[in-house]
Amino acid sequence: MEELDLILETAKEQMQGTVEHLGVAFDKLRAGKATPAMLSSVRVDYYGSLTPLSQVANVTTPDAMTLSIQPWERNLINEIEKAIINGNLGFAPSNNGDSIIISIPPVTEERRKELVKMAKADMENAKVSIRNARQDANKALKALKDVGEDLVKDYETRVQGLTDKFSKKLEEELAKKEAEIMKV
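In our numbering, the protein residues as written are 671 to 854.
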């Protein structure tokens with residue numbers, strides 16, 4: 671019985687991780703409003719090691735269309751600017767000597783539609799991951815030897831219930847992100 675519960679709990683954790691991962695992927699999709707998460711993939715050369723931007727500077731949003739980056743060490747400003755440019759994020763940072771300002775241009779309707787397609791692709795990948803977690807759980811259940819067939823069927827039904835629940839969560843996340851992207 672413990673083994674069955676462990677398999678079910680593992681599947682639930684994998685599915686929850688998938689939903690969280692989708693949220694992170696959605697945060698990186700720029701929908702016109704500036705957020706510090708837009709720079710989460712930027713790594714700065716900090717004394718020879720690549721370090722996340724958030725660990726060498728303070729990233730804020732003074733308004734909905736601007737990102738402000740205040741380095742903790744003034745000598746890093748050029749490295750940060752270079753890392754943003756090399757990050758291929760489509761931003762043109764401006765360096766005023768003390769901080770870096772990034773103006774976020776308004777998103778065109780065509781780009782919004784492209785972002786929605788990207789969000790749908792991310793969601794489809796997440797659904798595949800949830801189905802893989804279901805498949806792994808069902809294989810583990812069938813591999814158990816000293817458990818009754820009816821009990822295995824009951825747990826397979828529970829795994830399917832988890833799959834349906836988390837798939838619905840993914841759909842809800844996509845609907846929210848799509849509304850956010852298309853909002854002008």
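Positions of the beta carbon are idealized from the N, C-alpha and C atoms, including for glycine.
ask   = With a Cβ-Cβ cutoff of 8 Å, do Ser724 and Gly757 count as a contact?
value = In this structure, Gly757 does not lie closer than 8 Å to Ser724 by Cβ.
query = With respect to the beta strand (DSSP E) encompassing Gln740, which residues constitute its N-terminal and C-terminal limits?
reply = In this chain, the beta strand (DSSP E) harbouring Gln740 covers 736-741.
query = Counting Cβ pairs closer than 8 Å, one from the region 789-804 and one from the region 825-837, do we hit at least three?
reply = Yes, the region 789-804 touches the region 825-837.
task = Determine the extent of the beta strand (DSSP E) in which Asn795 is found, giving its start and end residues.
result = Counted as a single uninterrupted DSSP element, the stretch harbouring Asn795 is not any beta strand (DSSP E) but the alpha helix (DSSP H) occupying residues 779-813.
key: N-terminal and C-terminal residue of the beta strand (DSSP E) that Val729 is part of   = 727-733 is the extent of the beta strand (DSSP E) around Val729.
request  = Spatial neighbours of Thr721 within its chain, please: CB distance less than 7 Å, with the 5 preceding and 5 following residues excluded, ordered by chain position.
outcome  = Cβ neighbours of Thr721 beyond the five flanking positions: Arg713, Val714.
ask   = Nearest to Leu737 by CA position, among Arg744, Arg828, Ile754, Ile800, is which residue?
value = Per the Cα distances, Ile754.
task = With a threshold of 16 other CB atoms inside 10 Å of the CB of Leu676, please say whether the residue is buried or exposed.
result = Counting the other CB atoms within 10 Å of its CB gives Leu676 a total below 16, which places it among the exposed residues.
Contact the region 802-811 vs the region 676-689: 3+ CB pairs below 8 Å = Verdict: yes, contact present.
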